[in-house]
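To start, the structure itself, in structure tokens.
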Amino acid sequence: MFAGLCLSADGAFAAEPCELHRIAELQVTMQDLVPTVHAKINGRDAVFIADSGAFFSIITPSAAETHHLKLARSPYVVGGIGGDARARMTTVDTFTIFNQDLPKVPFLVAGNDLGHGLVGFLGQNVFHLGDVEYDLANGAIYLLRTQGDCEKANLAYWANAKGQAVSFIDIEDATHQQRHTRGEVYVNGERMRAIFDTGDPVTVLSPDAAWRAGVSPTTPGITYGGEWGGLGKGVSHSLIVPFDSFRIGDEEVQHTKLRVGDVGTGQDMLIGADFFLSHHILVATSQRRLYFTYNGGPVFNLTSTPAAATPADASATAAGAAGATAAVAADEHLDAAAYARRGAAETSRHDYQHAIADLTRACELAPAEAEYFYERGMAYLQTQQADPALADFDQAIKLKPDDVSALLARATVHAGRDDPSELIIADLDAADRVAPREDAARLGIGDLYLEAGKPEAAIAEYTKYIDSHDRDEVEVARALKARCGTRARAGRELEQALDDCDRAARRRPDDGSIYESRGLVQLRLGHYDRSIADYDKALKLSPRTAWSLYGRGIAKLHKGQTEAGRADLTAATAISPHIAEHAARYDIRPP
Numbered sequence: 003m004f005a006g007l008c009l010s011a012d013g014a015f016a017a018e019p020c021e022l023h024r025i026a027e028l029q030v031t032m033q034d035l036v037p038t039v040h041a042k043i044n045g046r047d048a049v050f051i052a053d054s055g056a057f058f059s060i061i062t063p064s065a066a067e068t069h070h071l072k073l074a075r076s077p078y079v080v081g082g083i084g085g086d087a088r089a090r091m092t093t094v095d096t097f098t099i100f101n102q103d104l105p106k107v108p109f110l111v112a113g114n115d116l117g118h119g120l121v122g123f124l125g126q127n128v129f130h131l132g133d134v135e136y137d138l139a140n141g142a143i144y145l146l147r148t149q150g151d152c153e154k155a156n157l158a159y160w161a162n163a164k165g166q167a168v169s170f171i172d173i174e175d176a177t178h179q180q181r182h183t184r185g186e187v188y189v190n191g192e193r194m195r196a197i198f199d200t201g202d203p204v205t206v207l208s209p210d211a212a213w214r215a216g217v218s219p220t221t222p223g224i225t226y227g228g229e230w231g232g233l234g235k236g237v238s239h240s241l242i243v244p245f246d247s248f249r250i251g252d253e254e255v256q257h258t259k260l261r262v263g264d265v266g267t268g269q270d271m272l273i274g275a276d277f278f279l280s281h282h283i284l285v286a287t288s289q290r291r292l293y294f295t296y297n298g299g300p301v302f303n304l305t306s307t308p309a310a311a312t313p314a315d316a317s318a319t320a321a322g323a324a325g326a327t328a329a330v331a332a333d334e335h336l337d338a339a340a341y342a343r344r345g346a347a348e349t350s351r352h353d354y355q356h357a358i359a360d361l362t363r364a365c366e367l368a369p370a371e372a373e374y375f376y377e378r379g380m381a382y383l384q385t386q387q388a389d390p391a392l393a394d395f396d397q398a399i400k401l402k403p404d405d406v407s408a409l410l411a412r413a414t415v416h417a418g419r420d421d422p423s424e425l426i427i428a429d430l431d432a433a434d435r436v437a438p439r440e441d442a443a444r445l446g447i448g449d450l451y452l453e454a455g456k457p458e459a460a461i462a463e464y465t466k467y468i469d470s471h472d473r474d475e476v477e478v479a480r481a482l483k484a485r486c487g488t489r490a491r492a493g494r495e496l497e498q499a500l501d502d503c504d505r506a507a508r509r510r511p512d513d514g515s516i517y518e519s520r521g522l523v524q525l526r527l528g529h530y531d532r533s534i535a536d537y538d539k540a541l542k543l544s545p546r547t548a549w550s551l552y553g554r555g556i557a558k559l560h561k562g563q564t565e566a567g568r569a570d571l572t573a574a575t576a577i578s579p580h581i582a583e584h585a586a587r588y589d590i591r592p593p
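For the sequence shown, the working numbering gives the first residue as 3, with consecutive numbering after it.
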């Protein structure tokens with residue numbers, strides 16, 4: 003039990019003073035824009051996403067297999083970005099969270115492999131136990147309980163202590179059936195119904211809501227925002243769209259941009275982890291209020307890869323926001339873990355200078371902790387500092403030789419520096435020996451094996467992943483595409499390669515790289531008309547792709563279309579001057 007914090011109502015003493023008690027703490031480590039927390043499943047460490055948008059806690063099918071959990075039928079269908087997913091049920095005999103062993107805890111089993119060692123989502127059946135304080139910038143989520151007359155008290159105690167202005171909005175009543183945190187925000191002055199969802203890395207506005215706010219296909223300044231997946235079988239594409247204003251409570255972001263894409267059914271907007279990182283937030287269900295203060299920096303993540311944060315052109319203007327910073331005083335009495343969590347949060351927001359400083363302090367305080375060296379190495383890597391990154395990965399692997407993430411990171415550095423392939427392959431072989439068969443790291447290992455000139459090993463990695471996952475999982479399509487492309491470039495098992503590309507195309511019909519790989523398979527098989535047709539599809543989706551132009555040019559030359567074939571080869575070379583040399587390594591040459 004944490005010590006209570008005494009508060010007053012409306013600045014005066016209440017009949018029964020309001021006390022706010024921290025009853026539990028979750029230590030949070032940000033992985034990109036994903037807040038992760040540690041728990042245990044039957045005594046084994048398990049890393050979950052802290053997902054305020056999930057109505058119930060979920061374990062993925064691959065994680066259930068890894069932890070040897072028994073599955074039962076369930077009547078539930080879980081909805082989310084990417085569509086719906088049929089859920090099953092499981093019961094964890096002993097689930098450890100908040101340093102307590104809880105017996106017979108039920109979980110839904112659904113969704114796609116999350117990668118990065120993540121096993122699932124902690125949802126509202128956990129966070130609904132009290133008021134919830136989200137201090138992601140400092141790596142913490144707290145469960146709180148109020149005592150006394152707190153109906154009108156300002157519960158944002160951290161701001162009260164600093165004299166910082168606080169914004170708040172009313173939120174809807176939570177029910178057993180509807181536990182989401184919902185409130186109203188305004189886009190271009192139009193009222194929007196929003197869900198506050200830490201499980202979604204980015205804030206997203208629905209297309210219908212964007213239309214209500216005045217956006218049309220002809221709105222100037224729209225750019226592609228990338229794709230991402232959720233629990234469902236599909237992926238969602240997004241656009242980055244300019245807006246005049248976004249307002250929540252007293253805080254307004256003017257002349258900003260927002261991501262527009264799938265938010266699931268029944269809501270206008272998802273307020274994602276990017277907003278939670280840029281604010282200190284208290285969801286006070288006891289008062290039906292959400293309090294927040296601005297930490298500083300970009301409010302939203304607006305990159306074309308939603309899983310990574312970067313400085314944006316959005317800046318908040320609110321009472322008390324000016325001059326606020328996410329950093330805590332350097333002489334604060336933090337332990338190594340706290341410095342590391344704060345450093346991970348700073349990395350996720352691309353504040354690498356402060357991240358490296360905090361992670362360095364963590365390494366100094368806990369020099370035997372491999373994870374801290376790995377995290378600092380990743381921060382160095384993001385700032386193009388390969389030498390210190392490599393030194394940190396070396397130290398992490400020295401401390402923990404079976405650390406798959408560090409092995410892959412070191413192999414990536416060696417590959418980027420054109421170091422001897424033996425160094426790369428040694429790390430990949432080590433990762434292959436220790437990674438679980440179903441681990442998403444298999445895809446990264448395969449990609450690096452291919453880059454190191456070992457297509458057979460790459461195919462084996464993709465096969466391990468494909469064979470250990472449900473065929474409907476999102477990343478299986480990516481693995482099928484990779485295996486098809488590898489077989490195509492190596493000129494082996496072409497009929498199997500064709501089947502791989504066909505299966506991937508059924509799942510991802512808008513992915514041009516699949517048709518590019520299938521075009522090469524057809525080219526090697528001598529099916530020149532089919533090859534040209536596939537390259538046409540690839541180029542329709544991505545017009546300036548050198549490999550598609552080069553392959554189509556060769557296929558046209560085989561068909562006797564000399565002028566058109568040479569034009570494609572010339573266009574390919576203009577985009578990638580060394581493409582003929584690279585293609586020749588795979589025995590891909592004009593006739």
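From the three backbone atoms N, C-alpha and C, an ideal C-beta is built for every residue, glycine too.
Because the structure is a prediction, the values reported are computed rather than measured.
Under the DSSP assignment, D47 falls in the beta strand (DSSP E) whose first and last residues are R46 to A52. Here T547 is buried: its Cβ has 16 or more other Cβ atoms, across all protein chains shown, within 10 Å.
Taking C-beta separations shorter than 8 Å and ignoring five residues to either side along the sequence, the partners of Y588 in its chain run R491, A492 and G493, following chain order. At a Cβ-Cβ threshold of 8 Å, R412 and I399 count as neighbours. For S169, the enclosing beta strand (DSSP E) starts and ends at S169 to D172. Shortest Cα-Cα distance from G117 to any of Y552, H471, D531 and R485 involves H471.
Taking C-alpha positions only, S280 is separated from S350 by approximately 11 Å. For a cut-off of 8 Å, the C-beta gap from L304 to V262 is around 11 Å, too long to register as a contact. Between D172 and the set Q289, A370, A66 and K402, the nearest pair of CA atoms involves Q289. As for any beta strand (DSSP E) of minimum length 3 sitting wholly inside the stretch 133-166, the runs are 133-137 and 142-149, ordered along the chain. Judged by their CB atoms, T200 and G55 are nearer to each other than the 8 Å cut-off. According to the DSSP assignment, K539 belongs to the alpha helix (DSSP H) that extends over Y530 to L543. Segment contact: the stretch 91-110 against the stretch 460-478, fewer than three CB-CB distances shorter than 8 Å; contact not assigned. Within the DSSP secondary-structure output, F109 pairs in a beta bridge with T92. Pairing L22 with L157 gives a Cβ-Cβ distance under 8 Å. For S519, the three-state secondary structure derived from DSSP is helix. In the DSSP assignment, E453 falls within the unbroken alpha helix (DSSP H) covering A443 to E453. If you draw a 10 Å sphere on the C-beta of E475, you find 16 or more other C-beta atoms in it, and that means buried. One Cα belongs to D570, the other to V187, and the distance between them is close to 50 Å. DSSP places R291 in the uninterrupted beta strand (DSSP E) bounded by R291 to Y296. Sorting D133, D276 and D47 by C-alpha distance to the C-alpha of D103 places D47 at the top. Per DSSP, the continuous alpha helix (DSSP H) segment holding I581 begins and ends at I581 to R587.
Between G141 and Q29 a beta carbon distance of about 6 Å is seen, short of the 8 Å cut, so the two are scored as contacting. A straight-line Cα-Cα distance of about 46 Å links A372 and Y537. Taking C-alpha positions only, L120 is separated from D405 by approximately 15 Å.
Taking I242 as reference, the option from V204, A576, P579 and V523 with the minimal CA-CA separation is V204. The stretch 439-452 and the stretch 481-490 touch, with three or more beta-carbon pairs separated by less than 8 Å. Residues A479, L482, K483 and I516 of the same chain have their beta carbon placed closer than 6 Å to that of A506, with the five preceding and five following residues left out of the count. Rounded to the nearest whole angstrom, the C-alpha separation of A388 and A381 is 10 Å.
By the neighbour-count definition (other C-beta atoms within 10 Å, threshold 16), D420 is an exposed residue. Assignment of L35 by DSSP, reduced to helix, strand and coil, places it in the coil class. A428: member of the alpha helix (DSSP H) spanning S423 to V436, first to last residue.
With fewer than 16 other Cβ atoms from the protein chains shown falling within 10 Å of its own Cβ, H335 counts as exposed. Residue range A548 to H560 is occupied by the alpha helix (DSSP H) that includes H560.
Per DSSP, H416 is one residue of the alpha helix (DSSP H) stretching across V406 to G418. R261 is bridged by DSSP to V206 and I242.
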